[in-house]
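Q: Numbering (this note's numbering), first residue to last: 3 to 270.
Built from N, CA and C at the ideal position, the CB exists for glycine as well.
All values derive from a computational prediction rather than experimental measurement.
Please read through the structure below; I'll follow up with questions.
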Amino acid sequence: MASIKKKSSGGGGGANWMDTYGDMVTLLLCFFVLLYSMSTIDTKKWEWIVQQFNPNSIDLEEPGPVDNGSASKGGDELPATQVDQALTDLYDFLKSYAESNPDASISVSKGDGYVFISFDDTVFFDGDSFEIRPEGAAILDGIIPALTQAAPYIDELEVLGHTAQRVAYEPNPIYTDRRLASQRASEVTAYIQERIPTDMLLPGRLVAKGYGQWRPVSGNGTAEERAKNRRVEMIVTGQEEMNGVLQGSYEQYFTMYETTTGTTGGSE
Numbered sequence: 003m004a005s006i007k008k009k010s011s012g013g014g015g016g017a018n019w020m021d022t023y024g025d026m027v028t029l030l031l032c033f034f035v036l037l038y039s040m041s042t043i044d045t046k047k048w049e050w051i052v053q054q055f056n057p058n059s060i061d062l063e064e065p066g067p068v069d070n071g072s073a074s075k076g077g078d079e080l081p082a083t084q085v086d087q088a089l090t091d092l093y094d095f096l097k098s099y100a101e102s103n104p105d106a107s108i109s110v111s112k113g114d115g116y117v118f119i120s121f122d123d124t125v126f127f128d129g130d131s132f133e134i135r136p137e138g139a140a141i142l143d144g145i146i147p148a149l150t151q152a153a154p155y156i157d158e159l160e161v162l163g164h165t166a167q168r169v170a171y172e173p174n175p176i177y178t179d180r181r182l183a184s185q186r187a188s189e190v191t192a193y194i195q196e197r198i199p200t201d202m203l204l205p206g207r208l209v210a211k212g213y214g215q216w217r218p219v220s221g222n223g224t225a226e227e228r229a230k231n232r233r234v235e236m237i238v239t240g241q242e243e244m245n246g247v248l249q250g251s252y253e254q255y256f257t258m259y260e261t262t263t264g265t266t267g268g269s270e
């Protein structure tokens with residue numbers, strides 16, 4: 003009996019479908035690349051391309067090089083320039099004020115995004131007192147116009163209160179020391195807040211901090227050294243962006259806490 007052989011279903015062409023599949027994937031890739039390239043359209047280039055496919059249309063100039071902002075800065079970077087200029091103007095004013103009023107004992111310095119001001123505490127307050135002296139009030143009145151002008155660009159204005167040891171090498175009573183430093187900082191902060199309109203500088207951007215005797219800039223062995231440690235300082239920081247959002251806001255800290263702890267807040 004003759005054996006029956008099955009016909010082969012094909013020879014070596016079983017994977018031909020992959021060629022078609024590969025062509026389809028390539029076309030899809032080209033399609034998405036085209037979509038991406040058109041996502042930001044330069045008007046002049048687009049008109050020029052259209053004109054190439056329609057020779058009878060109006061003549062258009064071939065587009066020149068695209069201005070990527072390297073020659074001039076603007077847009078999102080403009081506010082930062084305004085902030086820098088505001089801080090520079092504030093620094094220049096304070097420096098000029100300090101030079102023309104040497105008895106005020108003011109020192110000013112400027113860093114990246116901030117202006118630092120230090121006042122001799124003895125000009126502002128009597129010993130063991132947090133009531134601003136007339137001399138101190140006059141100094142604040144002299145610099146508040148500059149602070150008001152810079153107010154729209156200020157992120158925070160921190161007032162730092164410091165004390166000195168009453169007796170050399172013997173710490174002050176803890177509560178007395180901390181309270182006096184905080185009260186002096188709060189007194190200066192309230193004085194500034196009362197004189198700068200809230201629509202220029204929100205009270206939430208004013209911060210008072212009391213460090214007591216624990217951040218000295220000199221020794222405490224002599225009266226002259228202790229006088230240097232009794233001081234009031236200000237740190238004026240500029241906004242990173244002109245978006246009106248306080249960089250050190252409660253929402254920012256809450257978001258950071260929620261991210262690191264995985265909690266959503268709530269009451270206990």
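#1: Pick from G223, K230 and V209: whose alpha carbon is nearest that of P173?
#2: In this structure, does DSSP put D157 in helix, strand or coil?
#3: Buried or exposed, going by whether 16 or more other CB atoms sit within 10 Å of the CB of T239?
#4: Alpha carbon to alpha carbon, how far is F118 from S102? Give it in angstroms, no decimals.
#5: Tell me the DSSP secondary structure of A140 in three-state form.
#6: For my contact list, Y99 and I108 are in at a C-beta cut-off of 8 Å; report their separation, rounded to the angstrom.
#7: Rounded to whole angstroms, what is the Cα-Cα separation between T141 and L159?
#8: Going by beta-carbon coordinates alone, are A187 and G221 separated by less than 9 Å?
#9: Quick one: is D130 buried, meaning 16 or more other Cβ sit within 10 Å of its Cβ, or exposed?
#10: Should Y93 be labelled buried (16 or more other beta-carbon atoms within 10 Å of its own) or exposed?
#11: Could you tell me the alpha carbon to alpha carbon distance between V234 and V209, rounded to whole angstroms?
#12: Looking only at its own chain, which residues have a Cβ that is under 7 Å from the Cβ of P205, when we skip the five neighbours before and after it?
#13: Using DSSP with H/G/I as helix, E/B as strand and the rest coil, what is A152?
#14: In whole angstroms, what is the alpha-carbon distance linking T165 and T150?
#15: Write down the C-beta distance between D157 and R207 rounded to the nearest angstrom, noting that I regard them as a contact closer than 8 Å.
#16: Should D143 be labelled buried (16 or more other beta-carbon atoms within 10 Å of its own) or exposed?
#17: Could you name the residues of the same chain whose beta carbon sits closer than 6 Å to that of V161, not counting the 5 residues immediately before and after it, in chain order?
#18: Between the Cα of V219 and those of Y155, P199, I146 and F121, spot the shortest distance and give me the residue it belongs to.
#19: Report the option in Q215, I146, A153 and T200 whose CA atom is closest to the CA atom of L182.
#20: Per DSSP, which residues does L162 bridge with? Please list them.
#21: G223 by DSSP, collapsed to three states: which one?
#22: With H, G and I counted as helix, E and B as strand and the rest as coil, what does DSSP make of F127?
#23: Below 8 Å on the Cβ atoms is my guess for L96 versus V85; work out the distance and round it to an integer in Å.
#24: Can you check whether the CB of P147 is closer than 9 Å to the CB of A88?
#25: How many whole angstroms separate the CB atoms of I134 and Y193, which I take to be in contact at a CB cut-off of 8 Å?
A: Inspection of the coordinates gives the following:
#1: For P173, the nearest C-alpha among the options comes from G223.
#2: D157 falls in the strand class under three-state DSSP.
#3: Its Cβ being crowded by 16 or more others within 10 Å, T239 is buried.
#4: Distance from the CA of S102 to the CA of F118, rounded to the nearest whole angstrom, comes to 18 Å.
#5: Here A140 carries a helix assignment [DSSP, helix/strand/coil].
#6: Their Cβ separation, rounded to whole angstroms, is 7 Å, which keeps Y99 and I108 in contact under 8 Å.
#7: Here residue 141 turns out to be Ile, not Thr, going by the sequence shown. Distance between the alpha carbons of I141 and L159 is about 17 Å.
#8: A187 is not a Cβ neighbour of G221, given a cutoff of 9 Å.
#9: By the 16-neighbour rule on beta-carbons within 10 angstroms, D130 is exposed.
#10: Buried, by the Cβ-count rule.
#11: Cα-Cα distance, rounded: 13 Å.
#12: Around P205, the same chain offers Q195 as residues with beta carbons nearer than 7 Å, after the five sequence neighbours per side are excluded.
#13: It is helical.
#14: The alpha-carbon atoms of T165 and T150 are separated by roughly 28 Å.
#15: Between R207 and D157 the Cβ distance is about 7 Å, and since that is below 8 Å, they are a contact.
#16: By the neighbour-count definition (other C-beta atoms within 10 Å, threshold 16), D143 is an exposed residue.
#17: When the five nearest sequence neighbours on each side are left out, the beta carbons in the same chain lying within less than 6 Å of the beta carbon of V161 are those of A187, V190, T191, A210 and M236, in order along the chain.
#18: Out of Y155, P199, I146 and F121, F121 has the C-alpha closest to the C-alpha of V219.
#19: Ranking the options by Cα distance to L182, first place goes to Q215.
#20: L162 is bridged to K211 and E235.
#21: For G223, the three-state secondary structure derived from DSSP is coil.
#22: Look at F127 here: in three-state DSSP terms it is coil, with no helix or strand label.
#23: About 17 Å; that fails the 8 Å criterion.
#24: P147 sits away from A88, with the two beta carbons spaced by 9 Å or more.
#25: That belief holds up - the Cβ atoms of I134 and Y193 are roughly 6 Å apart, short of 8 Å.
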